[in-house]
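Chains as they are written, first to last, in our numbering: chain A, 28 to 240; chain B, 28 to 240. For reference, the structure is listed below as structure tokens.
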DNA sequence: CCCCTAACCTACCTTCGGTAACCTACCTGA
DNA sequence: TCAGGTAGGTTACCGAAGGTAGGTTAGGGG
């Protein structure tokens with residue numbers, strides 16, 4: 028029926044040889060897509076190689092292992108996330124606004140790359156793995172940003188305490204976004220709710236108040 | 028801890044035949060141990076079978092798949108967690124005390140079963156899996172407990188909002204406990220910090236206050 | 001004491017992560 | 001311009017581990 032129906036598995040384009048770094052970028056891109064479609068565990072290295080128009084050993088030459096590839100995908104997404112949140116925070120008028128803008132940027136990032144990012148969050152957890160380390164690095168980057176903002180706002184801030192606080196924010200945000208089943212609330216609702224719950228707590232930490240039983 | 032019959036590993040000489048449910052319990056116990064030692068991914072069904080003094084097909088007869096076995100382990104641990112937190116909350120004098128006691132019970136549970144529970148949290152995430160569903164069920168149970176307490180405390184409580192709040196608490200607690208690298212703070216420090224940050228937020232939700240930009 | 005079923009095992013398949021060894025397009029220098 | 005080294009790529013394989021078909025035996029009920 029249709030004329031040029033042949034978009035075969037290997038595209039009719041000549042299989043060009045790519046420079047190393049360009050190939051690497053392409054592979055990370057393809058891997059991200061395939062991971063988000065089938066899940067990390069279900070995606071085979073052969074699948075990814077085929078989709079990229081090369082063969083398995085090329086993947087192993089670049090990333091060493093499936094875990095290494097996953098780590099690269101996580102890091103790349105993490106850099107985008109960090110860029111988005113940093114940009115948002117930069118344009119803020121004060122600590123409260125910074126927290127709100129940062130949260131909104133985070134939720135917007137998830138909204139755009141939901142399938143991809145969620146599959147990474149869910150399946151990059153294997154304890155000793157490079158992927159888990161990468162994911163932890165991303166999370167800690169976000170946390171450190173929050174903790175830094177707090178320190179800047181509160182001069183004599185207890186840094187360990189600020190870090191704990193930041194981890195609470197990170198964990199809470201991630202949970203709100205990860206939780207399946209229920210329909211995902213909008214970016215605005217999520218941001219608003221986090222601010223409702225968290226800003227008061229920040230106030231407590233700020234003023235050195237402590238809960239006492 | 029569990030009924031005395033099962034000392035996780037079975038001496039290879041006496042390989043008794045066990046009634047179905049008893050064997051099932053033993054297998055879950057053994058699997059939990061092996062998962063916590065090597066990690067879920069690294070633990071093979073053959074390993075677990077050997078440790079239990081039986082062979083692979085028995086495992087598959089009982090649980091259908093590795094995922095099924097993992098789900099069973101998660102559910103069993105989740106029941107213990109639910110029992111611990113429910114008991115703690117039951118003996119509370121009011122909502123504030125209930126939250127504090129519940130959090131403490133959670134952190135104590137993790138402290139006792141750290142290796143086991145963390146490996147489950149980290150590796151039971153594969154999206155379509157029974158294990159992920161089981162884990163989500165456990166988390167939602169905890170969240171629902173918190174939301175219910177809030178509703179009981181605040182008569183005209185906005186239930187969806189209470190649920191969001193509960194998810195924040197669950198996510199934050201999990202993050203504080205999961206975060207590797209740094210030395211794990213004590214149960215008291217964790218509980219205190221969560222109350223510092225969270226109780227004020229609860230106050231805001233309680234009184235219907237909302238953050239406004 | 002037999003015998004039937006539930007409990008268990010042997011032996012196998014398939015998939016997939018990972019690797020050794022080889023091939024070839026492309027750039028570089030003489 | 002053409003050898004030839006190298007970066008980029010392929011073929012063909014291995015072994016480990018999830019999963020299963022079909023046979024074997026223990027041991028409690030009749």
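Think of the CB as a built atom: it goes at the ideal place given N, C-alpha and C, for glycine as much as any other residue.
Run the CB neighbour count on residue i, radius 10 Å, all protein chains shown included, and call it buried at 16 or more, exposed below.
i: residue 44 of chain A; result: exposed
i: residue 186 of chain A; result: exposed
i: residue 164 of chain A; result: exposed
i: residue 199 of chain B; result: buried
i: residue 112 of chain A; result: buried
i: residue 242 of chain A; result: Since the first residue shown for chain A is 28 and the last is 240, residue 242 of chain A is missing from the structure and cannot be characterised.
i: residue 126 of chain A; result: buried
i: residue 94 of chain B; result: buried
i: residue 88 of chain A; result: exposed
i: residue 193 of chain B; result: buried
i: residue 179 of chain A; result: exposed
i: residue 166 of chain B; result: buried
i: residue 141 of chain B; result: exposed
i: residue 47 of chain A; result: exposed
i: residue 225 of chain B; result: buried
i: residue 206 of chain B; result: buried
i: residue 49 of chain B; result: exposed
i: residue 34 of chain B; result: Only weak support is given to the placement of residue 34 of chain B: the predicted model assigns it a pLDDT of 42, under 50, and the question is left unresolved by the model.
i: residue 117 of chain B; result: exposed
i: residue 36 of chain A; result: With a pLDDT of 35 at residue 36 of chain A, under the threshold of 50, the modelled position of this residue cannot be trusted; read the value that follows with caution. By the neighbour-count rule (16 or more Cβ atoms within 10 Å), residue 36 of chain A is not buried but exposed.
Determine, using beta carbons only, whether residue i and residue j come nearer to each other than 7 Å.
i: residue 99 of chain A; j: residue 57 of chain A; result: no
i: residue 62 of chain B; j: residue 156 of chain B; result: no
i: residue 220 of chain A; j: residue 191 of chain B; result: yes
i: residue 181 of chain B; j: residue 233 of chain B; result: yes
i: residue 153 of chain A; j: residue 150 of chain B; result: yes
i: residue 223 of chain B; j: residue 231 of chain A; result: yes
i: residue 128 of chain B; j: residue 119 of chain B; result: yes
i: residue 86 of chain B; j: residue 122 of chain B; result: no
i: residue 228 of chain A; j: residue 235 of chain B; result: no
i: residue 134 of chain B; j: residue 214 of chain B; result: yes
i: residue 170 of chain A; j: residue 197 of chain A; result: yes
For residue i, which option in the options has the closest C-alpha, if you only look at C-alpha atoms?
i: residue 210 of chain A; options: A/138, A/122, A/97 and A/233; result: A/138
i: residue 203 of chain B; options: A/189, A/216, A/212 and A/207; result: A/189
i: residue 59 of chain A; options: A/104, A/69 and A/179; result: A/104
i: residue 114 of chain A; options: A/151, A/162, A/172 and A/75; result: A/172
i: residue 243 of chain A; options: A/179, A/91, A/109 and A/71; result: Past the boundaries of the shown model lies residue 243 of chain A; chain A is included only from 28 to 240, so the question cannot be answered.
i: residue 158 of chain A; options: A/52, A/92 and A/213; result: A/92
i: residue 168 of chain A; options: A/107, A/67 and A/207; result: A/107
i: residue 253 of chain A; options: A/212, A/117, A/102 and A/144; result: The question about residue 253 of chain A has no answer here: the residues shown for chain A are numbered 28 through 240.
i: residue 68 of chain B; options: B/239, B/82 and B/148; result: B/148
i: residue 70 of chain A; options: A/84, A/239 and A/96; result: A/96
i: residue 52 of chain B; options: B/82, B/83, B/84 and B/90; result: B/90
i: residue 216 of chain B; options: A/208, A/81 and A/239; result: A/239
i: residue 201 of chain B; options: B/208, B/144 and B/124; result: B/144
At a threshold of 6 Å, does residue i count as lining the ligand ATP (C-beta to nearest heavy atom)?
i: residue 111 of chain B; result: What this structure holds is no ligand at all, so the ligand ATP is not there to describe.
Exercise. For the segment 120-196 of chain A, which segments carrying the alpha helix (DSSP H) assignment without a break, of at least 4 residues, lie completely within its bounds, in sequence order?
Worked result: Qualifying alpha helix (DSSP H) stretches, in chain order: 122-139, 141-150 and 157-180.
Exercise. Taking only runs of the alpha helix (DSSP H) that begin and end inside the segment 66-104 of chain A, which ones reach a length of at least 4 residues, in chain order?
Worked result: 72-79 and 83-90
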